[in-house]
Amino acid sequence: MLTLYRPGNGPWHRMPAGPKAAILLVLVLAVSLLPTAWPTAAIAAAVCAACYLVPGVGFRELARQVWSLRWLVVVAFGIPCIFLGVEAATVGTVRIVAAVALAGLLASTTPVTALLDVAERALGPLRVIGVDAARAALLLVVALGTVPTLARLAGEVRAAQRARGARGIRVFAVPFLVLALRHADDLGDALTARGVR
Numbered sequence: 005m006l007t008l009y010r011p012g013n014g015p016w017h018r019m020p021a022g023p024k025a026a027i028l029l030v031l032v033l034a035v036s037l038l039p040t041a042w043p044t045a046a047i048a049a050a051v052c053a054a055c056y057l058v059p060g061v062g063f064r065e066l067a068r069q070v071w072s073l074r075w076l077v078v079v080a081f082g083i084p085c086i087f088l089g090v091e092a093a094t095v096g097t098v099r100i101v102a103a104v105a106l107a108g109l110l111a112s113t114t115p116v117t118a119l120l121d122v123a124e125r126a127l128g129p130l131r132v133i134g135v136d137a138a139r140a141a142l143l144l145v146v147a148l149g150t151v152p153t154l155a156r157l158a159g160e161v162r163a164a165q166r167a168r169g170a171r172g173i174r175v176f177a178v179p180f181l182v183l184a185l186r187h188a189d190d191l192g193d194a195l196t197a198r199g200v201r
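For the sequence shown, the working numbering assigns the number 5 to the initial residue and increments by one for each residue that follows.
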């Protein structure tokens, strides 16, 4: 989790966590609510690119985020393409990539403690119905950090496969599943050691 934050002094880094999270959430919702048509894919891509091209982040970070999502892109495009057609699959995939990349922008420009504070404040009103805001905030922040971690693990498994000359989905899926479950166990142990139950 802690490695997601990349220190910097650009506008995204200097902006308080609450307004930054609100702006990015509004952008994701706006892109998600547009009609499923070719222009929506272009708008989603342009919004995402514009957010990353702000000084202090840059195109290289956007490329890194998108590259880490390459397997998600394959699945998000392939299955809908069969059932819904190329246009709907493309628009849906670009929306998903834009949303995850914008979440990555939030995580990479905001320290984890600030993200926790924002999430806890946002979930505070739900205490009336019995929601533990601190636990729910921690869950959201951990979930935000899990996507890039799983992407990194998938890359490591792929690199090991290439080095051995192995191919096939089964050869990839089994070690990836083992690593993902091991990561979940380690994360659970770390949370338990810090008193989270």
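By construction, the Cβ of each residue, glycine as well, lies at the ideal position given by its N, Cα and C atoms.
Measure how close the beta-carbons of residue i and residue j come, nearest whole angstrom, since I'm counting them as under 8 Å.
i: Ala21; j: Ala102; result: Actually they are not in contact, since the Cβ atoms of Ala21 and Ala102 sit about 21 Å apart, beyond 8 Å.
i: Gln69; j: Gly108; result: 5 Å
i: Ala80; j: Leu66; result: 18 Å between Cβ atoms; not a contact.
i: Leu73; j: Ala163; result: Rounded, the Cβ-Cβ distance is 17 Å, inconsistent with contact.
Considering just the uninterrupted stretch of the alpha helix (DSSP H) at residue i, what are its terminal residues?
i: Val98; result: Val90 to Thr113
i: Gly22; result: Ala21 to Leu37
i: Val58; result: Counting along the chain, Val58 falls outside any alpha helix (DSSP H), and DSSP gives it neither H nor E.
i: Val182; result: Ile173 to Ala197
i: Pro129; result: No alpha helix (DSSP H) holds Pro129; DSSP gives it neither H nor E.
i: Arg10; result: Per DSSP, Arg10 belongs to no alpha helix (DSSP H) and is neither H nor E.
i: Ala67; result: Phe63 to Ser72
So, at 8 Å on beta carbons, what are the nonlocal neighbours of residue i in its own chain, with the 5 sequence-adjacent residues on each side left out?
i: Lys24; result: Trp16, Leu110, Thr113 and Thr114
i: Gly128; result: Ala137
i: Trp42; result: Glu91, Thr94 and Val95
i: Thr44; result: Val35, Leu38, Val95, Val98 and Arg99
i: Arg171; result: Gln165
i: Gly134; result: none
Below 7 Å CB to CB, which residues in the same chain sit around residue i once its five sequence neighbours on both sides are set aside?
i: His187; result: Thr153 and Leu157
i: Val58; result: Gly14, Pro15 and Trp16
Just the Cα atoms here: how many angstroms apart are residue i and residue j?
i: Val95; j: Ala34; result: 14 Å
i: Cys55; j: Leu106; result: 8 Å
i: Gly62; j: Leu119; result: 21 Å
i: Ala137; j: Val122; result: 11 Å
i: Gly82; j: Val98; result: 13 Å
i: Met5; j: Val175; result: Here Met5 scores only 39 on pLDDT, less than 50, and its place in the model should not be relied on; the value that follows carries that caveat. Whole-angstrom Cα-Cα distance: 28 Å.
i: Asp189; j: Leu130; result: 29 Å
i: Ile173; j: Gly89; result: 25 Å
i: Leu8; j: Phe87; result: 35 Å
i: Trp71; j: Thr150; result: 16 Å
i: Val117; j: Val145; result: At residue 117 the sequence reads Thr, which differs from the Val that was named. Roughly 9 Å separates the two Cα atoms.
i: Gly159; j: Leu142; result: 26 Å
i: Gly169; j: Glu124; result: 47 Å
i: Gly199; j: Ala46; result: 46 Å
For the candidate residues the options, whose alpha-carbon lies nearest to that of residue i?
i: Leu29; options: Arg10, Pro43 and Val51; result: Val51
i: Ala147; options: Pro179, Val32 and Leu191; result: Leu191
i: His126; options: Leu76, Ala194, Ala26 and Met19; result: Per the sequence presented here, residue 126 reads as Ala, with His not at that position. When each option's Cα is compared against that of Ala126, the closest is Ala26.
i: Thr196; options: Arg139, Arg10 and Val104; result: Arg139
i: Arg18; options: Val77, Val32, Leu31 and Gly60; result: Gly60
i: Trp75; options: Phe180, Ala46, Glu124 and Arg64; result: Phe180
i: Val32; options: Cys85, Val104, Ala46 and Arg64; result: Val104
i: Val182; options: Gly199, Val161 and Ala167; result: Val161
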